[in-house]
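First comes the structure, then the notes that go with it.
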Amino acid sequence: MSKHQISLLLNGQPIEAMVEPNMSLLEVLRVEAGAPEVKLGCGEGVCGTCTVLLDGDPVNSCLLFAVQADGREVTTVRGLAGDVELHPLQQSFLEHAGSQCGFCTPGMLLTAKWYLDGHPTAGREELRGALAGNLCRCTGYTKILDAVEAYRDSLAEVSHVD
Ligand code: FES
Ligand code: FES
Numbered sequence: 002m003s004k005h006q007i008s009l010l011l012n013g014q015p016i017e018a019m020v021e022p023n024m025s026l027l028e029v030l031r032v033e034a035g036a037p038e039v040k041l042g043c044g045e046g047v048c049g050t051c052t053v054l055l056d057g058d059p060v061n062s063c064l065l066f067a068v069q070a071d072g073r074e075v076t077t078v079r080g081l082a083g084d085v086e087l088h089p090l091q092q093s094f095l096e097h098a099g100s101q102c103g104f105c106t107p108g109m110l111l112t113a114k115w116y117l118d119g120h121p122t123a124g125r126e127e128l129r130g131a132l133a134g135n136l137c138r139c140t141g142y143t144k145i146l147d148a149v150e151a152y153r154d155s156l157a158e159v160s161h162v163d
């Protein structure tokens, strides 16, 4: 099978890769692009573990062909934070025990951040719905929602101070 060259911006860094036409974006990110923080769960578009942001919107990277990301911007959980400090949403997960084994956490964080960027006053049930495509086998979701709500409330406090 002939390979295709793709270029994309991964967490702000340009990368190029030679990919088979049937390789998933997930596979290319993990194997070719040095992004093992993108996790493989079901591999069938069910669990949300492999979530990344493509041009700012969440996608299941196991369902996309890598060639579909050519020329586009991909953000993984590593792109949320700086080199040293955690993103405030990650800090909130830490403080509220929103992560246990951590396998679902990158997808949870990216989806929650994306949703709150567009819906900064979302309530708990709305947030539960927004995260319905991200499955967690450990936490029972209560602590995840506590963490997301605490982050949302911290955003409101900042805007009131402004
Ligand atoms: S690994 Fe992609 S949705 Fe489960
Ligand atoms: S923390 Fe283990 S799957 Fe969610």
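Residue numbers (my numbering): 2 to 163.
We treat Cβ as the ideally placed atom computed from N, Cα and C, and that holds for glycine.
Fair warning: this is a prediction, and the values are worked out from it, not measured in the lab.
Across the region 125–135 and the region 96–112, are there enough close Cβ pairs to call them in contact, namely three or more that are closer than 8 Å? At 8 Å Cβ cutoff, the stretches touch.
Once the 5 residues before and after Y116 are set aside, which same chain residues still bring their CB inside 8 Å of it? Within its own chain, the residues whose Cβ lies closer than 8 Å to the Cβ of Y116, once the five positions on either side in sequence are excluded, are A123, L128, A131, L132, listed in chain order.
Count the other CB atoms within 10 Å of the CB of T76; is the residue buried (16 or more) or exposed (fewer)? Buried, by the Cβ-count rule.
Note the first and the last residue of the continuous alpha helix (DSSP H) segment covering Q91. Taken as a continuous stretch (DSSP letters only), the alpha helix (DSSP H) holding Q91 covers 89–96.
Where does the unbroken beta strand (DSSP E) through L11 begin, and where does it stop? Membership of L11 in the beta strand (DSSP E) is indicated by the continuous run 5–11.
Tell me the DSSP secondary structure of W56 in three-state form. Residue 56 is actually Asp in this sequence, not Trp. D56: coil per DSSP, three-state reduction.
Same chain, Cβ closer than 8 Å to S3, neighbours up to 5 away in sequence not counted: Excluding its 5 nearest sequence neighbours in each direction, S3 has C-beta neighbours in its own chain below 8 Å: P22, listed in chain order.
Residues in its own chain within less than 8 Å of A151 by CB, not counting five upstream and five downstream? The answer, listed in chain order, is S93, E96, H97.
Short check: CB of G80 to CB of A148, under 9 Å? In this structure, A148 does not lie closer than 9 Å to G80 by Cβ.
Under the criterion of a Cβ to heavy atom distance below 8 Å, does E127 qualify as lining ligand 4? Only ligand 1 and ligand 2 can be found as ligands here, which leaves ligand 4 out of the picture.
Three-state class that DSSP yields for E38 in the structure shown: Secondary structure of E38 (DSSP, three-state): coil.
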